[in-house]
C-alpha cells in the first residue's frame with residue numbers, strides 16, 4: 171500500500187501544480203497496470219479513486235481498491251479490500267552464466283611495446299613449446315542490462331612456461347636479470363623460465379540473451395599476483411647422464427602485473443588472447459618483455 175501512497179502523492183503534486191496555474195475544474199483518468207486511476211479536482215480539493223479492471227476493461231464500483239480525498243492539507247483515505255496495487259520494476263536475468271571458471275591452455279610468448287613477437291630484447295623463445303595453463307575456480311556475474319551485459323569477476327591460477335630457443339638461461343647478476351650462455355661444453359636439452367600467478371579478473375561480458383545458443387564475448391583487465399618463479403635447465407653431461415638444475419628464482423619478476431584479456435566463444439568453449447602492457451621484469455632490472463598468449467578455454 172506504500173506504493174499506492176507514493177503514486178497518489180505524485181498525482182497530488184501534479185494536480186496541485188495545475189490548480190496553482192488554473193482555476194478550471196476537471197477529471198483525469200489513467201489506465202495503469204490493470205488499474206483505472208481517476209483523479210477529480212476542484213479549486214479546493216482533490217479526490218483519487220483506484221479501481222480494478224474486469225476482463226473487458228470496464229471499471230466496477232464494488233471492486234474499488236482505494237479512495238483518497240485531499241482537502242485543506244488533510245487527507246481522508248479508504249481501502250475497500252486488500253488487493254495490492256504495485257508498479258512492476260523491470261528485472262534483469264539473474265541466472266546469468268558467466269565465462270571465467272574453467273580450464274584453458276595456450277601458446278605463450280614475449281612481445282615488445284608494439285606487439286612484435288620473438289627475439290624481443292635479445293630473448294628468443296621456442297613458441298611451440300612455450301605454454302600457458304589457466305585453472306579458474308570461481309566466478310561471479312553482476313548483470314547490468316536485460317540485453318545480455320554483465321560485469322564478471324572471479325579467481326583463478328595461471329602457470330606459464332617459457333622455453334628458450336637458444337642455449338641460454340636466465341639468472342640474476344648484481345641485482346639485474348640477464349640472459350646468460352650455457353657453460354662451455356654444455357648443451358641444454360631445455361631451458362625454461364616458469365611463473366605462477368593468482369588471477370583476479372574484472373570483465374565486461376555480453377552473451378546471447380535468448381539462450382538459443384550461448385554466444386559470448388568479454389573483455390577487461392586481469393590482475394596477476396606472482397606466487398612463484400624460477401629458471402631451470404635440463405642437460406646431459408659428457409657421460410650421458412641427465413641433469414635437471416635450478417639456476418635461479420625470483421629474478422626481479424614483478425610481484426603484481428595487469429593483463430588485458432579478450433575472450434569469445436560459443437557455449438562452453440572459447441578462445442582467449444592476453445597481453446600485458448606492463449613488462450615482466452621490474453623496470454631497469456631485466457629485459458623489456460611483455461607477456462602475451464593465445465589459446466582455448468573450456469568453461470565449467
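In this note's numbering, the protein residues as written are 171 to 470. Ideal placement from N, C-alpha and C gives every residue a C-beta, glycine not left out.
Three-state secondary structure (DSSP) of residue 297:
Helix at residue 297.
Can you grab the Cα-Cα spacing for the pair residue 351 / residue 417, in whole Å?
In this structure, the CA atom of residue 351 is about 12 Å from the CA atom of residue 417.
With a threshold of 16 other CB atoms inside 10 Å of the CB of residue 423, please say whether the residue is buried or exposed.
Burial call: buried.
Where does residue 455 fall in DSSP's three states?
Looking at residue 455 - three-state DSSP - the assignment turns out to be coil, as it is neither helix nor strand.
Quickly, what does DSSP pair residue 284 with across the bridge? List them, please.
Listed as beta-bridge partners of residue 284 by DSSP are no residues whatsoever.
Cα separation between residue 326 and residue 407?
Those two C-alpha atoms are separated by around 39 Å.
Let me check one thing: in DSSP terms, what residues is residue 331 bridge-paired to?
Bridge partners of residue 331: 301 and 364.
Under the rule that 16 or more other beta-carbon atoms within 10 Å means buried, what is residue 283, buried or exposed?
Exposed.
Counting C-beta neighbours from all protein chains within 10 Å, is the total for residue 343 16 or more, i.e. buried, or is it exposed?
By the neighbour-count criterion, in which 16 or more other beta carbons inside 10 Å mark a residue as buried, residue 343 falls on the exposed side.
Sequence-distant residues of its chain with Cβ nearer than 6 Å to residue 461 (five each side left out):
The beta carbon of residue 461 is closer than 6 Å to those of 446 and 450 in its chain, skipping five residues each way along the sequence.
Cα separation between residue 305 and residue 311?
Approximately 18 Å between the Cα atoms of the pair.
Quick one: is residue 467 buried, meaning 16 or more other Cβ sit within 10 Å of its Cβ, or exposed?
Counting Cβ neighbours within 10 Å, residue 467 comes out buried, since at least 16 surround it.
Quick one: is residue 340 buried, meaning 16 or more other Cβ sit within 10 Å of its Cβ, or exposed?
Counting of Cβ neighbours within 10 angstroms places residue 340 among the buried residues, the total reaching 16 or more.
Out of 303, 236, 216 and 404, which one is the CA nearest neighbour of residue 353?
Closest option to residue 353, Cα to Cα, is 404.
Residue 294 versus residue 367 - alpha carbon distance:
Computed Cα separation, rounded: 23 Å.
Give the secondary structure of residue 354 by DSSP, where H, G and I count as helix, E and B as strand, and everything else as coil.
Note: residue 354 maps to coil in three-state DSSP.
Note down the Cα distance separating residue 455 from residue 378, rounded to an integer number of angstroms.
For residue 455 and residue 378, the distance between alpha carbons rounds to 46 Å.
Classify residue 286: buried if its beta carbon has 16 or more other beta carbons within 10 angstroms, exposed otherwise.
Residue 286 should be labelled exposed.
Can you tell me which of 239, 201 and 221 puts its alpha carbon nearest to the alpha carbon of residue 212?
Nearest Cα to residue 212 within the set 239, 201 and 221: 239.
Could you give the residue range of the beta strand (DSSP E) that holds residue 429?
Start and end: 426-436.
Can you grab the Cα-Cα spacing for the pair residue 429 / residue 358, in whole Å?
One C-alpha to the other measures close to 31 Å.
If you compare alpha carbons, which of 278, 223, 458 and 210 is closest to residue 465?
Closest in alpha carbon position to residue 465, among 278, 223, 458 and 210, is 278.
Whole-angstrom distance between residue 236 and residue 322, CA atom to CA atom
For the pair residue 322 and residue 236, the Cα-to-Cα distance works out to about 44 Å.
Endpoints, beta strand (DSSP E) assigned at residue 127
Because the chain here runs from 171 to 470, residue 127 falls outside it and cannot be looked at.
If you follow the beta strand (DSSP E) that residue 423 is in, where does it begin and where does it stop?
Taken as a continuous stretch (DSSP letters only), residue 423 belongs to no beta strand (DSSP E), as it is neither H nor E.
The beta strand (DSSP E) that contains residue 336, what's its start and end?
No beta strand (DSSP E) contains residue 336, which DSSP labels as neither H nor E.
Cα-Cα separation between residue 338 and residue 436, rounded to whole angstroms
Going by the C-alpha atoms only, they are around 41 Å apart.
What's the gap between the Cα of residue 276 and the Cα of residue 265?
Looking at the two C-alpha atoms, the distance is approximately 30 Å.
Of the choices 395, 356, 426 and 394, whose alpha-carbon is the least far from that of residue 415?
Closest option to residue 415, judged by alpha-carbon separation, among 395, 356, 426 and 394: 356.
Rounded to whole angstroms, what is the Cα-Cα separation between residue 302 and residue 349?
Computed Cα separation, rounded: 21 Å.
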